[in-house]
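Position in the sequence shown (first residue = 1) + 202 = our numbering.
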Amino acid sequence: MTMDGAQRQSIIRRIWPQLIDFLSDRSEWVLDKAERLLSQGELRLVHTEPDLKKKRLLVLDMVLRDVDANPEVFRTFIQSVCMECSPPFELEITLLSISEEDAPESYSQCILRLMRRKYGISHSAEAAKTKDQFSSFSQRFVNLVIHQSKTSKLKVGKEKMKEEPMAAYESKDHDIPMMNLSDLFKSAQMGITQVVLLLGKAGVGKSWLVHKICQQWAEEAFPQFKWIFFFEFKQLNLIKRKLTLQELLFDYFLQPEQPEMVFQFLLKNAHQTLVILDSLDEFMDNIDLPPISFDHYSNLLIPRSVSELVANLCHGKLLPGCTVLITSRPKQLPTLLVRSTVLSVEIWGFNHDKVAEYVSCFFQQAFQKEQALALLNENGKLLSMCYIPVLCHIICICLEHLFLEDSESVQLPQTRTQFYLRMLQTFLCKHQGGRTLNEVDMAQHQTILGDLCELAFKGLEEKKGVFDAGEVPEHVKDFSCRFGLLLTSEMKMGKDSTQAGYTFAHFSLQEFLAALFLLTSPTVDGKMLKENFFLRTKWTLKKETRMPFTENNYVFLSGLLSQECRQFLCSLAGRNEVRIQERQSIIRKILQKLAVANLTGPRIVELSHCVYETQDICLAHHIATKLSFTFRNVKLMPFDMVTLAFLINGGSHGVCLDFDGCFMELDYLDIWGSCEPIKSLSFKNRQYGSEFAGALSKTLPKIKLLTTFQLTGGNLKRPGFEDLVRVLPNCHQLEIINLQDNRLEEQDMIKLAEIFPAMGKLKRMEKTGSLFMLEQKFPPQVGKGAFAVHRTSHPLLPDAEGPTSFDALVHFPALQKLWLTNDRIPPTSIEYIAKILQRGFAIEDINFSNSDLSLDNLSILLDSLEGKYHLKSINFGSLNLDNATILKLFSRLSTMPLLKILGLNNNHLDSRMCSHLAEVLKTTLQIEEIDLSHNKIDDAGMKAIAMALPGMKNVKLINFSCNSITSAGGQWIVEGLIESERLEILKLSGNSIGNKTLGKLAPILPYKKHLKVLHLSRCQLGSEGLGHLAGILAKCPQMEEINLSENNIGDKGVMSLMTPWPQSSQLRKIDLKACHIRDCASKTLIVGLSCCPSLEEIGLSWNELGDETAKELAMVLPGMIRVKILDLDKNSITVYGASMLARQLFRCPGIQTIRLWNNSIPRDLEQQLANQEPRLHFALL
């Protein structure tokens, strides 16, 4: 309710003496205000008083008298005091409350004054002096690079918002949308709570950004918000009691004079409220809680825990319509923050321009500014560290002190650990009044630093970021607060209770000091040290509870291994060098054990940071030789790339770098040019365009041992493509170039062909629509190669005159391959092709499959094959050949004794043609691969073919799928395969061969020691047939792929297949789609699959599996480290089973996809699960 007159008079009488005392030395200001507010009669009376003090008191009496007589004068005077004189904060709040009839408006002004005081925003120079002093560790406000996260589902409006005070970083490449600060709040809708999640690694400026938001709001940006409430989770951790939302907002932020009235107004105008919650990763409780119903006002008065209040703010149950801004490191987030209604934003820190801006702000003296900028521009490694804002600030501190010393005698730190150490040494030097670091007496500060480090470690161990005064020794306070290592703050403990608190200036500083404690303290043993090194090859559930509170501790522990840190560590440890060496040895052994081949991309990046910090090239060699450098959808910031380059350079020659869907800063692509061991470099990303190619072209010639280069699936166009073509001949070791799926045109292919003669070692070049192969069997000018055309959006062999792809072949009389697949071949080009065939005396491989060739043109081409006895591979698949053409082809084949590969799939071959083919096969005894799938071969035709199989001793691949073969024909096949000892792939799917054929086939499988792939899909197999396979898989450990899908094998058949457990060491893929499998067989099935350590893909779709199967899978998947794809489409799994899978996925870094389309899960819960775990796929495609 509104304050009545009696209440107001009582408050005025109580605080008026405080106001008179506060204005005692501001007489001139009071008289100036009197001239503006009092009447002429009152001013004449004031002027008659000669004493200045009495004049001031007279004016104040007149203002007090006007409380009721002239309330506008009173209100204006009081507001001027608050705005221009910065009275004590409690007095200011009271003055504002009595100067305004509108309590909510008064409270808004109080918050505004609080923010202005904090950030030093005032129209008064006197008030500006009261600005809160940031520590020497704090950072200047410089705009950050922010992007909307890919996981965010909110639509961004098409209309461009007007510029706000913070500008966005302009992207020059990659086509990644940059965000203005205003974009964070433009999606807010009346009545709907908007949750904004700011994600970023430690030190990139999350807290910095929310302070920037508060500052700009105090400067009257973001007018949509009337109130801002700012909380830090590390302080919310101190609240142990339950409380109401009103108590949280007012008792722990700012108390209004009329809380009930203000709170009622907040509830009705929640859309004007912004609640900021900083550093969720430091919160000790779980906010992943179900929503609570607040249907009645009485429910708001029930005390809740802080976690419940925060959860229901995010659910939109409390203050519905408000905006909630949460910052966090990108660890495993609560489900309620990965919903489709949450705007997820990534903070990347600085870019090159922002680093320059920050450095210019930091150094006030022009010559120091020029020195610092020049040093950063010359030192790419140092600049890359500065992309992390907190590290940029520390580097500036160190450079500032460096410029005061003799720079020639001081070595610049190389790692972040060394910079933190140098910063600490700089503060010690200043504390002793010294000028150079050599003058620092460590013995003098051993006790102070030891106690400070112990405090930091205690905080990490207890997950504590705020310490009360009793926890910090006085000598630690004096030193740490002087240099801004510890910050003091007034912590709200309730409505009328505050206490002094101490926090480390930045969380990374606390982590660094804790690492110093672990390396130097006599109370730490080897077991304790190992337990506190948190980097693992994968996170286990047991450790997950300890992980969230520290992110860089293991990086600093690694950095303290470097030789540059040993002297400082020994001094801090009381000259106990043995202790330091023992602990460094423990850390080194931990890092060595982390080097395993199946590390995911993010884990490799984390490990590379640790190795870089050690600066130990021998350790880098040990680790790099064990890793596979494959990265999928990883954002690589400049410093990540620098650390990876250090690790790679420590390895042996032959490193293969594979980046798929990764972001990289263009300015740092040149880092790969410094990596001598790189043998293969592969990039795949639709956002890689011409600017990316242009930047990369400067790097490729520097990689002296590069043999394979791939830039696929991109948006490569001119002029970036022309830059690549220009430099490729300078890559003298290149053997393979792949530019597929880049939308390149015919003219581009011609330019590629033109560089062939200059690339003597090139063996293969691929692009959309083309493949070229060269082999160094002849001098480069002779060029043995290949030419191919695949499906494109336009014919690559135009009817019109002019340069074509064939012109490039003039230089290659020793053409080895000719592929004209999946395209329309114009009639005018047939003559060219025929001449190429006739001239190609060394041609070995011809592929015309699926081309639009008429039978007449095919006949012409077949005529050109006469005498080509050296041909080894022919593919005439999907050409709809008639019998006459087939017979002509067979006559040519009979003169090719070296033929190894024959493809005749999808050509309507019948029994009569099979008889002729059988005769041909008897003369081509070198055949290794034969594909007769998708024809019309019946049992009689198969009998003829089978009769020729025993003579084909070298056959490795047989594909007879999708013909008209029954059990009789199937048994002929088995008879023909008995002597095929080298068989690797057998495909019989889509034939009605039945259980009887499988009964004949099963006994010979253990004798096929090279058999890797067996396809028996849709073969009318049942549980009886699978009974024949019982125990067979255990005898075929070399098997890699089995397809038994769409057979009615049922539960009994599955149990037969898996008994005894197969224990197949090589099995990579198994497909049991639509096999009528139920939950009752799932345990046997899944235990059997878990015995296959190499399994990568499991197909169980279109069965009758439910939550029991999902539960069994969830239990074993973390141990199946190679599994990438699990297909459970069209089963009976509910949200319960899907949730069990989702909860375990964080322990399964290798899994790429779990398919759950068309299960028993409501659509809205599908979306929620997909947001929680993006690797769960619920769409059909």
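Just so it is clear, CB atoms sit at the ideal spot from N, CA and C, and this is done for glycine as well. Since we're looking at a predicted model, the values are computed, not measured.
Rounded Cβ spacing between residue i and residue j (contact assumed at less than 8 Å)
{"i": "Met843", "j": "Ile819", "result": "Contact flag wrong, Cβ pair sits at about 18 Å."}
{"i": "Phe719", "j": "Phe659", "result": "4 Å"}
{"i": "Pro879", "j": "Gly915", "result": "About 25 Å; that fails the 8 Å criterion."}
{"i": "Val1318", "j": "Ile1353", "result": "Not quite, the Cβ-Cβ distance comes to about 12 Å (not below 8 Å), so this is no contact."}
{"i": "Leu918", "j": "Ala895", "result": "6 Å"}
Sequence-distant residues of its chain with Cβ nearer than 6 Å to residue i (five each side left out)
{"i": "Asn835", "result": "Gly863"}
{"i": "Arg1365", "result": "none"}
{"i": "Gln220", "result": "Leu293"}
{"i": "Met1154", "result": "Ile1129"}
{"i": "Ile441", "result": "Val508"}
{"i": "Cys877", "result": "Ala847, Ile850, Asn851"}
{"i": "Ser1225", "result": "Ile1251, Gly1252, Lys1254, Gly1255"}
{"i": "Ser1362", "result": "Ser1334, Thr1336"}
Cβ pair residue i, residue j closer than 8 Å
{"i": "Gln428", "j": "Gln396", "result": "The question names Gln, yet the displayed sequence has Lys at residue 428. No, these two residues do not count as a Cβ contact at 8 Å."}
{"i": "Gly523", "j": "Gly393", "result": "yes"}
{"i": "Cys284", "j": "Arg246", "result": "no"}
{"i": "Gln613", "j": "Leu662", "result": "no"}
{"i": "Lys257", "j": "Leu233", "result": "yes"}
{"i": "Gly1079", "j": "Ser1096", "result": "no"}
{"i": "Ile1288", "j": "Leu1315", "result": "yes"}
{"i": "Val561", "j": "Leu585", "result": "no"}
{"i": "Met264", "j": "Trp419", "result": "no"}
{"i": "Leu721", "j": "Arg785", "result": "yes"}
{"i": "Leu1073", "j": "Ile1032", "result": "no"}
{"i": "Ser899", "j": "Asp925", "result": "yes"}
{"i": "Leu849", "j": "Ile825", "result": "yes"}
{"i": "Leu535", "j": "Ala472", "result": "no"}
{"i": "Gly482", "j": "Cys516", "result": "A small correction: the amino acid at residue 482 is Leu; Gly does not occupy that position in the sequence shown. Taking 8 Å as the Cβ cut-off, Leu482 and Cys516 do not qualify as a contacting pair."}
{"i": "Ile1195", "j": "Thr1168", "result": "yes"}
{"i": "Leu796", "j": "Leu809", "result": "yes"}
{"i": "Met961", "j": "Pro931", "result": "yes"}
Close-in-space but distant-in-sequence residues of the same chain around residue i (CB under 8 Å, 5 per side omitted)
{"i": "Phe432", "result": "Val412, Cys416, Phe455, Ile478, Asp480"}
{"i": "Ala305", "result": "Thr204, Met205, Ser299, Pro458, Glu459, Gln460, Met463, Val464, Phe467"}
{"i": "Leu1067", "result": "Leu1039, Ile1048, Leu1073, Arg1094"}
{"i": "Ala645", "result": "Ser773"}
{"i": "Leu908", "result": "Ile880, Lys881, Ser882, Leu883, Leu902, Cys933, Gln935, Leu936"}
Residue i classed as buried or exposed, judged by whether at least 16 other C-beta atoms fall within 10 angstroms
{"i": "Arg1114", "result": "exposed"}
{"i": "Ile1356", "result": "buried"}
{"i": "Gly853", "result": "buried"}
{"i": "Lys362", "result": "Residue placement at Lys362 cannot be trusted, given a pLDDT of 33 that sits under 50; what the coordinates show is reported in the next sentence. Exposed, by the Cβ-count rule."}
{"i": "Ala1242", "result": "Note that residue 1242 corresponds to Glu in the displayed sequence, not to Ala. So Glu1242 counts as buried."}
{"i": "Glu968", "result": "buried"}
{"i": "Pro273", "result": "exposed"}
{"i": "Gly402", "result": "buried"}
{"i": "Phe569", "result": "exposed"}
{"i": "Asp555", "result": "exposed"}
{"i": "Gln765", "result": "exposed"}
{"i": "Met730", "result": "exposed"}
7 Å CB neighbourhood of residue i in its chain, flanking five on each side removed
{"i": "Lys697", "result": "Asp453, Gln457"}
{"i": "Asp1309", "result": "Ile1335, Thr1336, Tyr1338, Gly1339"}
{"i": "Leu239", "result": "Val275, Thr278, Phe279"}
Residue i Cβ short of 7 Å to the ligand SAM heavy atom set
{"i": "Ile792", "result": "For the ligand SAM, the structure offers nothing, since it holds no ligand at all."}
**Request:** Evaluate contact between the segment 1178–1185 and the segment 1237–1246, counting only Cβ atoms and requiring at least three cross-stretch pairs below 8 Å.
**Result:** no
**Prompt:** When the Cβ atoms of the segment 481–493 are set against those of the segment 443–451, are three or more pairs found closer than 8 Å?
**Reply:** no
**Asked** Within the chosen definition, does the segment 1155–1175 reach the segment 1224–1234 through at least 3 CB pairs nearer than 8 Å?
**Response** no
**Asked** If you pair each beta-carbon of the segment 1196–1204 with each one of the segment 1212–1228, do three or more pairs fall below 8 Å?
**Response** yes
**Item:** Contact the segment 755–765 vs the segment 615–622: 3+ CB pairs below 8 Å
**Value:** Using a Cβ-Cβ distance cut-off of 8 Å, the segment 755–765 and the segment 615–622 are in contact, since at least three pairs of beta carbons, one from each stretch, lie closer than that value.
**Asked** For the 8 Å Cβ check, are there 3 or more pairs between the segment 721–734 and the segment 701–711?
**Response** no
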